[in-house]
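In our numbering, the protein residues as written are 257 to 881. In this text, a Cβ means the ideal position worked out from N, Cα and C, and glycines have one as well. Just so you know, these numbers come straight off a predicted model, no measurement behind them.
Written out as structure tokens, the structure reads:
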């Protein structure tokens, strides 16, 4: 396929049934930044693309291509792989019937397909060199290379960021090829206070590690799946025992099943189990805890009667910390049975319980906004709403989880800025009765299904985590290690251990070499941090002024309802939260921002005015429908 020439127009389309649009938006922005014109298919054209065999739709597609002068066509389908490959084949056949390819006198010089790895394999096998495929693990630089963008068309800021990304990946590749990570040994933390007993607190293990100069605590989310419930629990107990024996993992997070969260202690009958460890009794939790010692242990919160399950976790696994999602794991994301307001009410009651026990609280919140298209300011704001709420209710320890690479096209400088902005605002709350622990992690869709590349990616994102606070030897306090198998299969214990070795080796090597400290990356990160801090403070101040008792279940519900935190890709509850859905967001210069109908950025003050007006109408009894 020929490289892109000077004045090409790239059309981007998807079937209407596939609502995944953030990846298309990311590619669009990359191409625009390189000076190319792009055309995104509207809803009517998406309907036509989904059924290109119908003659009327063939004509619609042809007219769209010719009217807009499209010379390259990208097609995205990220649902079922078989359906995706078939849908692409039907579209290509329609283009051939209309003689739209360059070799037949038409305008189309190149064809691209973005889909799941299996869909890409099927498309490549059937269509060979006539198409270039994107499985979703490509860096911005790799994406532009596949599109055939000449290096001279790439703007300096994007080129610099792509260079930094490529350098981190190359760093990871060198480290993994050298097998230096295999020399990493477990950390002996047995000298810490109350080590491995029911009296041990997360604070004890972190403070002992700081005193001894140990690496960050390593946490992993582990949860095998078997169709037989009892066999699955037995397998998990054995895996916990193996991880305890090898000693690399410090905190075991039980990847409990959705039924464990919503129907604990009940007869599940024929209820569908969507995966995870199907724990269904206090005795099973106790058995896992005993097998896992001396690791700290934690698990998902419940999704029904949340405040009633929290004491069960205290009594059975001495839960290391509780994680709550506030608005999420409810009816609006399909992860729980509670409507959002009831969810918030139960989470407030659970926070009061957490305060009484003295255990830490982790907000499982910001990345769930990001999954639904929220902008980066909302990502930061949602974390700080949780922190301020927790402190007001008496919680003393706050585990700030920071999911990087979400969305995966986020630039490294922006990920650093998001972490720094959250930390700055959260640490403003610190005093003798409130302490923040920082816990970064990789994004869920960051990793390649190819394991060699995924190992290098894990090393590269570990470097990025360490650049959030490069001058603090004891930061981060803990790392949530996402295993390199994330895009391929559920990690076995030895793969969890190797993922920890890669993470620790990458951080040690980065610090030894002072890799990527200072320079353009740091300058860019500082500028972005200041922008995020300013915008987040404006939104938070407006919410506190506009919403009576903001840090309550009703106050937090109203903040979301009014549209202070946009979620354009929310699946359920779109009518209830229409004011949050009715914003547009886009990826611009490696960050997700809110835009207007013309694609121009909307400033924080203007967003706040719109959301405040929604509240005024609501409180006056005039809901805007």
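(Q) At the level of alpha carbons, what is the spacing between residue 626 and residue 662? (A) Counting from 1 along the chain shown, the entry for residue 626 is found at position 370. Counting from 1 along the chain shown, the entry for residue 662 is found at position 406. Going from the Cα of residue 626 to the Cα of residue 662 covers about 7 Å.
Q. With a CB to CB cut of under 8 Å and the five nearest residues on each side skipped, what residues in its chain are close to residue 470?
A. Looking up residue 470 in the chain shown gives position 214. Contacts found: 443, 445, 464.
(Q) Would the region 536 to 556 count as touching the region 588 to 602 if we require 3 or more Cβ pairs under 8 Å? (A) With a cut-off of 8 Å on Cβ pairs, the region 536 to 556 is not in contact with the region 588 to 602, counting fewer than three such pairs.
Q) Between the C-alpha atoms of residue 406 and residue 672, what's the straight-line distance to the nearest angstrom? A) On the chain shown, position 150 is the one that residue 406 refers to. On the chain shown, position 416 is the one that residue 672 refers to. Residue 406 and residue 672: Cα-Cα distance of roughly 29 Å.
**Q.** alpha helix (DSSP H) segments (min. 4 residues) lying fully within the region 284 to 320
**A.** List check, alpha helix (DSSP H) in window: 299 to 306.
(Q) Determine whether the beta carbon atoms of residue 648 and residue 807 lie at a separation below 8 Å. (A) Looking up residue 648 in the chain shown gives position 392. Looking up residue 807 in the chain shown gives position 551. Contact flag set, yes.
Q) Near residue 829, what residues of its chain come up, given a Cβ to Cβ distance below 6 Å and the 5 sequence neighbours on each side ignored? A) By one-based count along the chain shown, residue 829 stands at place 573. Excluding positions up to five away in sequence, the list reads 588.
**Q.** One or two residues paired with residue 657 in a DSSP bridge
**A.** Sequence index remark: in the chain shown, residue 657 carries index 401 (1-based). Partner residues in the beta bridge of residue 657, as assigned by DSSP, are 695.
Q: Quick one: using the 10 Å Cβ neighbour count with 16 as the cut-off for buried, is residue 258 buried or exposed?
A: The count along the chain shown starts at 1 and reaches residue 258 at position 2. Note on residue 258: under 16 other CB atoms within 10 angstroms of its CB, so exposed under the neighbour-count rule.
Q. Hey, would you say residue 335 sits closer than 8 Å to residue 297, going by beta carbons?
A. Indexing the chain shown from 1 puts residue 335 at position 79. Indexing the chain shown from 1 puts residue 297 at position 41. Taking 8 Å as the Cβ cut-off, residue 335 and residue 297 do not qualify as a contacting pair.
(Q) By the three-class DSSP mapping on this structure, what secondary structure does residue 396 have? (A) Indexing the chain shown from 1 puts residue 396 at position 140. In the displayed model, residue 396 falls within a helix according to three-state DSSP.
Q) Skipping 5 residues on each side, what residues in its chain have a beta carbon closer than 8 Å to that of residue 497? A) Here residue 497 is taken as the residue at index 241 of the chain shown, counted from 1. Same-chain partners within the cutoff: 547, 548.
Q: Could you tell me whether the Cβ atoms of residue 504 and residue 719 are closer together than 8 Å?
A: Taking the first residue of the chain shown as position 1, residue 504 is located at position 248. Taking the first residue of the chain shown as position 1, residue 719 is located at position 463. At least 8 Å separates the beta-carbon of residue 504 from that of residue 719.
(Q) For a minimum of 4 consecutive residues, which ranges assigned as the alpha helix (DSSP H) are wholly contained in the region 560 to 595? (A) Counting whole runs of 4 or more residues, the region 560 to 595 contains the alpha helix (DSSP H) stretches 562 to 573.
Q: Out of 594, 527, 318, state which residue places its alpha-carbon closest to the alpha-carbon of residue 363.
A: For this step, residue 363 is matched to residue 107 along the chain shown. Considering only alpha carbons, the answer is 318.
(Q) Report the CB separation of residue 698 from residue 660 in whole angstroms; it is logged as a contact under 8 Å. (A) Translated into the one-based positions of the chain shown, residue 698 becomes position 442. Translated into the one-based positions of the chain shown, residue 660 becomes position 404. The C-beta separation of residue 698 from residue 660 comes to about 6 Å, placing the pair in contact by the 8 Å criterion.
**Q.** Helix, strand or coil at residue 356 according to DSSP, with G and I counted as helix
**A.** Position 100 of the chain shown, counting from 1, holds the residue named residue 356. Note: residue 356 maps to coil in three-state DSSP.
Q. Does DSSP classify residue 409 as helix, strand or coil?
A. Position 153 of the chain shown, counted from the first residue, corresponds to residue 409. Here residue 409 sits in helix by DSSP.
Q: Note down, in chain order, each residue of its chain lying with its Cβ closer than 8 Å to the Cβ of residue 447, except the 5 sequence neighbours on either side.
A: In the chain shown, counting from the first residue as 1, residue 447 sits at position 191. Here the set comprises 464, 468.
Q) Quick one, are the C-beta atoms of residue 325 and residue 280 less than 8 Å apart? A) Position 69 of the chain shown, counted from the first residue, corresponds to residue 325. Position 24 of the chain shown, counted from the first residue, corresponds to residue 280. The answer is no: Cβ separation not under 8 Å.
Q. Roughly how many angstroms separate the alpha carbons of residue 462 and residue 473, rounded to a whole number?
A. On the chain shown, position 206 is the one that residue 462 refers to. On the chain shown, position 217 is the one that residue 473 refers to. Approximately 7 Å between the Cα atoms of the pair.
Q | Bounding residues of the alpha helix (DSSP H) (the contiguous stretch that carries residue 622) | A | Locating residue 622 in the chain shown gives position 366, where the first residue counts as 1. First-last of the alpha helix (DSSP H) with residue 622: 622 to 627.
(Q) Let's test the definition: count the other Cβ atoms within 10 Å of the Cβ of residue 392 and tell me whether it reaches 16, buried, or not, exposed. (A) Working through the chain shown from its first residue, we reach residue 392 at position 136. That one is buried.
Q. At which residue ranges does the region 460 to 506 contain complete alpha helix (DSSP H) runs of 4 or more residues, listed in the order of the chain?
A. Unbroken alpha helix (DSSP H) stretches of 4 residues or longer found wholly inside the region 460 to 506: 485 to 502, given in chain order.
Q) Cβ atoms of residue 558 and residue 533: under 8 Å apart, would you say? A) Indexing the chain shown from 1 puts residue 533 at position 277. Indexing the chain shown from 1 puts residue 558 at position 302. Cβ atoms of residue 533 and residue 558: not closer than 8 Å.
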